[in-house]
Amino acid sequence: MKKKIAAGLALFSTLFIVGCSNEQDFADTNATTNQTTQEQVTATVEIEKEDQMVDEKEIKTTSDETLMEVMQDNFDIKEEGGMITAVEGIKQDEDENMYWTYTINDEMVNTGADETTLEDNDQIVFTYDKVE
Numbered sequence: 001m002k003k004k005i006a007a008g009l010a011l012f013s014t015l016f017i018v019g020c021s022n023e024q025d026f027a028d029t030n031a032t033t034n035q036t037t038q039e040q041v042t043a044t045v046e047i048e049k050e051d052q053m054v055d056e057k058e059i060k061t062t063s064d065e066t067l068m069e070v071m072q073d074n075f076d077i078k079e080e081g082g083m084i085t086a087v088e089g090i091k092q093d094e095d096e097n098m099y100w101t102y103t104i105n106d107e108m109v110n111t112g113a114d115e116t117t118l119e120d121n122d123q124i125v126f127t128y129d130k131v132e
């Protein structure tokens, strides 16, 4: 009887150790997978006010970071509802139809900066100008 109990405890202990180590292996695999989905990205952000450059920076970030996060980390901005409303102290003026817009690689973007992610070598230009 004692041999059966000892064998049962040994089997249970072995199964417990193997089960715990598999959970750790799974957690390690998940962490590695999450790290590999984040690619390093370099982009250039230019700030213009009525055709005059205000600032320009080369930004290093990751592919999972939004443009809003990049802007918050590198410029003095204000945002409302995912849209950037002021950059480097220059605020939108609705009465004068002066707004911030942006292009990526010379293409107008119609999504908010909080919904936009960057790819390597993107050229982003934020422009403060009259919108007709």
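So in the UniProt record's numbering, the last spot in the sequence shown is 132, and the numbers never skip. Here a beta-carbon is modelled for each residue, glycine too, at the ideal position from N, C-alpha and C.
How far does the alpha helix (DSSP H) with residue i in it reach, from first residue to last?
i	result
Val70	Leu67 to Asn74
Grab the span of the beta strand (DSSP E) containing residue i for me, first residue to last.
i	result
Asp55	Gln52 to Thr62
Thr116	Counting along the chain, Thr116 falls outside any beta strand (DSSP E), and DSSP gives it neither H nor E.
Thr42	Gln40 to Lys49
Asp79	Strictly speaking, residue 79 in this sequence is Glu, with Asp absent from that position. Looking at the DSSP string, the run of the beta strand (DSSP E) that includes Glu79 is Ile77 to Glu80.
Gln123	Gln123 to Lys130
Mind checking whether residue i and residue j have CB atoms under 8 Å apart?
i	j	result
Phe126	Tyr99	no
Asp76	Gly89	yes
Thr66	Thr111	no
Ile104	Ile124	yes
Glu56	Glu46	yes
Thr62	Gln92	no
Ala113	Met53	no
Between residue i and the rest of its own chain, which residues show a CB-CB distance below 6 Å, the 5 nearest in sequence each way excluded?
i	result
Ala86	Lys78
Val131	Asn97 and Tyr99
Tyr128	Lys49, Ile90 and Trp100
Gly82	Gly112 and Asp114
Answer with buried or exposed for residue i, where buried requires no fewer than 16 other C-beta atoms within 10 angstroms of its C-beta.
i	result
Leu15	Model confidence at Leu15 stands at a pLDDT of 46, short of 50, so the residue's coordinates are unreliable and nothing is read from them.
Check the Cβ-Cβ distances between residue i and every residue of chain D, and say whether any is below 8 Å.
i	result
Gln92	No chain D is part of this structure, which consists of one protein chain only.
Going straight from the alpha carbon of residue i to that of residue j, what length do you get?
i	j	result
Thr33	Thr42	Confidence in Thr33 is poor, its pLDDT being 49 and thus under 50, which makes the residue's placement unreliable; the coordinate value appears in the next sentence. Answer to the nearest angstrom: the Cα atoms are 22 Å apart.
Met108	Gln40	24 Å
Glu96	Asp73	29 Å
Lys60	Glu119	11 Å
Glu80	Asp64	21 Å
Asp51	Asp122	20 Å
Suppose the cutoff is 7 Å on Cβ atoms and the five residues either side in sequence are ignored; what does the same chain contact list for residue i look like?
i	result
Glu58	Thr42 and Thr44
Glu94	none
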